[in-house]
Amino acid sequence: MAATEAVENGGGSGDSVVVPPRPKEKLKPLPKPDDSEYEKKFELLNSKINSMNARIAEIKEIMDDFHEKRKTGGSGSVELRNKLNDEKNRFQSLLAKKSEVKQQLDRINKHRDELRNHSKLSKDKTQYLKREEIDDKINKLKHQMEHTSLSLNEEKKILSQLQDLERAKTTLSQYSEQMDKIANSNELREKVVEQLRTFDQELQNCKDQQKELNDAISALRERESANMPNVPELMAERKECYEIIKEAKAAKSKLYHQRKEAMDEYYTRQREIRQQQQLDRQARAVQRKKEYEERERERRAREEAEKGEPFEEEITLCDQMISYLGKLLPKGLEAAAEQPEASSASNGFGPDSGLKPLKKKGDDALESMFTGLSSGKGKGSKKAKAKASGRKEDAGPQRIQHSIDTIAAFSKLKVELPLTTGSIQHAVESLKAAKEGFQKRRVAEKERRAAAQEASAQGGEDGEAAEGLPEDEAAAGTAGDAPAGAVEVSLLVAEDGETVSVSVKVGEEAEADCPET
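When we follow the UniProt record's numbering, the leftmost residue of the sequence shown carries the number 1, and every step to the right adds one.
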């Protein structure tokens, strides 16, 4: 069982493709099937199907003509059918009218029932059925009140009776109106019932007429059907044609599947051959990829070996700036800037090592370039120099004039540039702290490089991802986002008794403002 191999796409992007094992034997292509024999068989089957379809169309035409003649018949049958249709239409019209009259009768019955219920309720409310009886009763009560001495309760009782009689009179008049409406409703109902009887008679006459016409049409059809074709034989022949078509289509489908199997086998072999070629190319690509990765690992190993100590430039620059600032300190504070000498002693070049630093001839010029001070070879009287130095000592902290390279060095180290002699000690301490930070980062960078080299040797990670950013980009990214060229410093420089304001942009030309006294 052959093991599969993974090919990384996109230079270590993380996606992998599983490559099947490389085929051992080369496949041979199959001959392509010939369609001419299949096409001939298809043509024979199609011609048989077309002939059967033509015969079925003829049978359909004969049977349609037969049914049309049975439906329409001759001129006599057309006349009878028209009369029958007229009678049917008249029957439907009478039926619709009867339905409307019946709905009207239902509404009348419903209204009459409502009137009867109301009249019954009105009758139950009063015991008097005639208006004269109520009037006589009212007159008697009034006469009694006028001609008889009554107590207060008796008068109240008679007044209550009079009110009841008045309400009874109103109820009796409503009852009379309702009875009149019921009488009118009964008369209207009798008229509607008479209309329904008339419609029933007309509908019955229409049915009798339709029956006579249907009998006449049936007799005419029987006489005309004697010359019609034999429909059962035609239907049997049509069924046989359908069976033949079904068998031909089945044979055609079988032939189609045979051809499809042959073509599928041919194209399957073609795909297998192309797949075999692709697998062979992938296997070669895997081998090339392995060789390329091996070369890359060797190249990265060489590059790691050629790299120097991490942050060597920054640490050296810190030592130089500490030494530079130590020379600018007053004599009483020079001992605070001895960190570069201690660093040299730790490397075996201190005062206790028995060795002395060798000072070259160009050191004075280099110091003059960093400090901006004269090397001592210029012209001038000793008296004037002594006078100037005495004036500076009396003035307290003096402003320092720095060169462009010094400003760039402090900007790269991200340390505040001292502008006076009083801030030199603080700048020296900041440089020492920056140096310690770079030394710690050197240890971490060495550990990271060792881990990346080990991972690259094992093939677990990509070389570029393991290495990360370059040293200068890492230092710039950790110290700050702004580049060194973006630093702007403003200085006040004393020169020949005048104070000059200087604005400096690192990487650009210095611009001097107008002098001020």
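We put the CB at the ideal spot given by N, CA and C, even for glycine.
Go to Phe-410, then tell me how far its alpha helix (DSSP H) extends in each direction, as first and last residue.
Judged by DSSP secondary structure, Phe-410 falls within the alpha helix (DSSP H) whose first and last residues are 404–413.
The stretch 263–277 touching the stretch 54–69, judged by at least three CB pairs closer than 8 Å:
no
Burial state of Ala-3, where buried means 16 or more other Cβ atoms lie within 10 Å:
The predicted position of Ala-3 is uncertain, since its pLDDT is 42 and thus under 50; no value can be drawn from it.
Classification of Gly-422 by the beta-carbon crowding that lies within 10 angstroms, buried from 16 upward
Taking a 10 Å sphere around the C-beta of Gly-422, we find fewer than 16 other C-beta atoms and assign the residue as exposed.
Go ahead and label Pro-232 buried or exposed: buried means 16 or more other beta carbons lie within 10 angstroms of its beta carbon, across all protein chains shown.
exposed
What is the rounded straight-line gap between the Cα of Glu-187 and the Cα of Gln-144?
46 Å
Inter-residue CB distance, Glu-202 and Leu-94 (contact presumed, cutoff 8 Å)
5 Å
Have a look at the DSSP bridge pairing and note the partners of Thr-198.
DSSP, once it has assigned bridges, lists no residue as partnering Thr-198.
Residue range of the alpha helix (DSSP H) that includes Gln-282:
231–306
Excluding sequence positions up to five away, which residues of its chain have a Cβ less than 6 Å from the Cβ of Thr-420?
Pro-397, Arg-399
Euclidean distance between Cα positions of Lys-140 and Leu-152:
Looking at the two C-alpha atoms, the distance is approximately 18 Å.
First through last residue of the alpha helix (DSSP H) which encompasses Glu-309
It is not in any alpha helix (DSSP H) - Glu-309 carries neither H nor E in the DSSP assignment.
In whole angstroms, what is the alpha-carbon distance linking Lys-191 and Glu-79?
39 Å
Grouping DSSP H, G and I as helix and E and B as strand, with all else coil, what is Thr-420?
strand
By a C-beta neighbour count over all protein chains shown, 10 Å radius and 16 as the cutoff for buried, is Gly-326 buried or exposed?
Buried, by the Cβ-count rule.
What's the call for Glu-25, buried or exposed, on a 16-neighbour Cβ count within 10 Å?
exposed
For Thr-406, does the count of other Cβ atoms within 10 angstroms reach 16, so buried, or fall short, so exposed?
buried
Using a 10 Å radius around the Cβ and a threshold of 16 neighbouring Cβ atoms, would you call Ala-427 buried or exposed?
buried
Can you tell me which of Glu-194, Arg-299, Glu-37 puts its alpha carbon nearest to the alpha carbon of Gln-453?
Arg-299
Contact between the stretch 435–449 and the stretch 306–314 (3+ Cβ pairs under 8 Å):
yes
For Arg-399, list the residues DSSP reports as bridge partners.
Thr-420
Rounded to whole angstroms, what is the Cα-Cα separation between Glu-237 and Ile-49?
Those two C-alpha atoms are separated by around 15 Å.
So is Met-52 buried or exposed if we call it buried at 16+ other beta carbons inside 10 Å?
buried
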